[in-house]
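Residue numbers (full-length UniProt numbering): 1 to 246. Just so you know, even glycine gets a beta-carbon here, dropped at the ideal spot from N, CA and C. Below is one structure, written out as structure tokens; comments come after it.
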Amino acid sequence: MKLLEGRTALVTGGSRGLGRALCQILAREGANVAFCYSRSEQHATETLALIQAQGVRGWSYKVNVLDKPAVQQMVRSLEQESGGLDILVNNAGVGQVVPLALMEEEDWDRVMNINVKGAFLVTQAAMRGMIHRKRGRILNISSLAGVKMMQAPVHYCAAKAALKGFTEALAKELGRYGVTVNCLAPGVLEEGVSGNLPQPRLEEYLRNCALGRVGTLAEAAEVAAFLVSDRNSYMNGATLVLDGAV
């Protein structure tokens with residue numbers, strides 16, 4: 001039996017990058033997978049095809065995670081279509097390379113809102129069904145920048161650190177209902193952040209990493225699949241750092 005056979009998962013920010021890798025791996029492990037996205041229809045179509053190629057059901061929703069009514073409608077629709085949402089992966093996020101001295105208030109709000117408020121709104125909508133069914137898995141995607149002192153944009157570090165606190169508090173709140181909440185904090189991965197890092201910073205990261213390389217999207221997604229599975233039944237409120245020992 002596959003790791004997630006018969007489960008239904010929702011991945012936010014799932015159309016590309018780590019989100020796409022998460023969708024693929026969860027589907028490979030037997031989950032029916034829904035994802036939301038906010039921009040590229042082409043990327044969404046490609047990701048949906050990758051999900052369905054695994055022989056499972058797939059759904060895509062063009063939803064901004066900051067649009068509360070749209071988020072609530074998405075979850076209601078998915079609950080009706082699938083029979084119940086078992087797994088939520090809060091992956092939607094955004095970063096921006098700008099020093100605090102040059103940061104505008106709008107820059108701060110955008111990063112904090114998408115990374116933190118978005119997770120709050122989607123979780124609030126998704127957890128109700130989980131509480132009713134007395135089971136569920138919630139995984140928040142943070143970052144090494146949120147758990148370790150390192151040179152990174154202040155608003156990004158603050159947002160990712162907030163997800164760690166969000167995870168810990170929510171784990172206490174939902175544990176009594178059979179719902180676990182954990183956090184995955186990857187270091188630099190092959191796409192995304194690594195492409196935005198100045199070359200000297202990337203070289204410094206690689207020097208400090210015991211494995212001497214960045215991680216792959218698939219490596220992070222494989223760990224995530226275990227974290228949201230029934231095999232991981234006692235971990236709750238934990239933040240798992242995946243950085244090759246930096």
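Non-local C-beta neighbours of Gln54 in its own chain, meaning closer than 7 Å and more than five positions away in sequence, comprise Ala27 and Arg28, ordered along the chain. Assignment of Val116 by DSSP, reduced to helix, strand and coil, places it in the helix class. Excluding the 5 residues flanking it on each side, Leu227 has same chain C-beta neighbours closer than 8 Å at Arg137, Leu139, Asn182, Leu184, Met235 and Leu240, in chain order. Here the segment 92-112 does not lie against the segment 41-51, with fewer than 3 beta-carbon pairs under 8 Å apart. For Glu190, the CB contacts under 8 Å within the same chain, skipping 5 residues up- and downstream, are Val214, Gly215, Thr216 and Leu217 in chain order. Counting C-beta pairs closer than 8 Å gives three or more between the segment 110-126 and the segment 70-85, which meets the contact rule. The DSSP-derived three-state label of Ala159 is helix.
Secondary structure note for Pro186: its beta strand (DSSP E) is the uninterrupted segment Val179 to Pro186.
Excluding sequence positions up to five before and after Ala245, its CB lies within less than 6 Å of the CB of Ala210, all in the same chain and listed in chain order. Taking the Cβ atoms as the reference, Val111 lies roughly 21 Å from Ala70, outside the contact range of under 8 Å. CA-CA distance, Ala31 to Arg231, rounds to 14 Å. Per the Cβ contact rule, the segment 126-133 is not in contact with the segment 146-156 (fewer than 3 Cβ pairs under 8 Å). In this model, Leu85 and Pro200 are separated by some 43 Å (Cα to Cα).
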